[in-house]
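A.B. asks: My structure is below; once you've seen it, I'll send some questions.
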Amino acid sequence: MNDKPSYKKLITKRQKLIEQLGKFPPVLRGSLRLHGNICGTPHCRCKDPKKPKLHGPYHYLSHRYDNKTQTIFLTKKKLHHAQVWIENYKRLIKTIYEISEINFKLLRYHHDKLEPSDEEKSGRKKQI
Ligand SMILES: [Zn+2]
7 MNDKPSYKKL ITKRQKLIEQ LGKFPPVLRG SLRLHGNICG TPHCRCKDPK
57 KPKLHGPYHY LSHRYDNKTQ TIFLTKKKLH HAQVWIENYK RLIKTIYEIS
107 EINFKLLRYH HDKLEPSDEE KSGRKKQI
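Residues are numbered in the working numbering as their position in the sequence shown, beginning at 1, plus a constant of 6.
Here it is, written out as structure tokens:
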């Protein structure tokens, strides 16, 4: 691995990644679960005290937002979309991590080429 990547390479890569962000497909943050269910029917096999046989297993999606976790039942159609959107979400996060890594390298190796801050431009602060 090259320790000091070129400025131009980093900027070009970052531009590409930012463009990807702009046209990102739908994303979903959540986890898929598969588990059996107990129904509301009295004396059903799912409530057998000796050998309960649960219904399903069924697919569910757990989604946490604002400190609340909500879970929904997934039909085949919903499951398909949830799977695709969760994969998209993972790719989106990976893209953000990559952009962040590039920005880290820019700060580390190419800070001399970065735009001066407003303070620097106005000359109110002396260079450190
Ligand atoms: Zn049942």
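All C-beta atoms, glycine included, are put in the ideal place defined by N, C-alpha and C. These numbers come from a predicted model, not from an experiment.
Pair every Cβ in the stretch 114 to 125 with every Cβ in the stretch 9 to 17, then say whether three or more of these pairs are closer than 8 Å.
C.D. replies: Yes, they touch.
A.B. asks: Is it true that the CB of LEU38 sits closer than 8 Å to the CB of ILE99?
C.D. replies: Stepping through the sequence shown from its first residue, residue 99 is reached at position 93. Stepping through the sequence shown from its first residue, residue 38 is reached at position 32. No, the Cβ-Cβ distance between ILE99 and LEU38 is not below 8 Å.
A.B. asks: Which runs of the alpha helix (DSSP H), 4 residues or longer, sit entirely within the stretch 42 to 126?
C.D. replies: DSSP runs (the alpha helix (DSSP H)) wholly in the stretch 42 to 126: 82 to 115.
A.B. asks: Which whole-angstrom value is the C-beta distance of ARG20 and ILE102, which I expect to be below 8 Å?
C.D. replies: Position 14 of the sequence shown, counted from the start, is the residue given in the question as residue 20. Position 96 of the sequence shown, counted from the start, is the residue given in the question as residue 102. Actually they do not touch by this definition, with Cβ atoms about 12 Å apart.
A.B. asks: Any idea if TYR66 is buried or exposed, counting beta-carbon neighbours within 10 angstroms, 16 or more meaning buried?
C.D. replies: The residue you call residue 66 lines up with position 60 of the sequence shown. Answer is buried; the Cβ neighbour count reaches 16.
A.B. asks: Return the residue from the list PRO32, ILE17, ILE24, THR18 that minimises the CA-CA distance to GLN89.
C.D. replies: Here residue 89 is taken as the residue at index 83 of the sequence shown, counted from 1. Nearest C-alpha to GLN89: PRO32.
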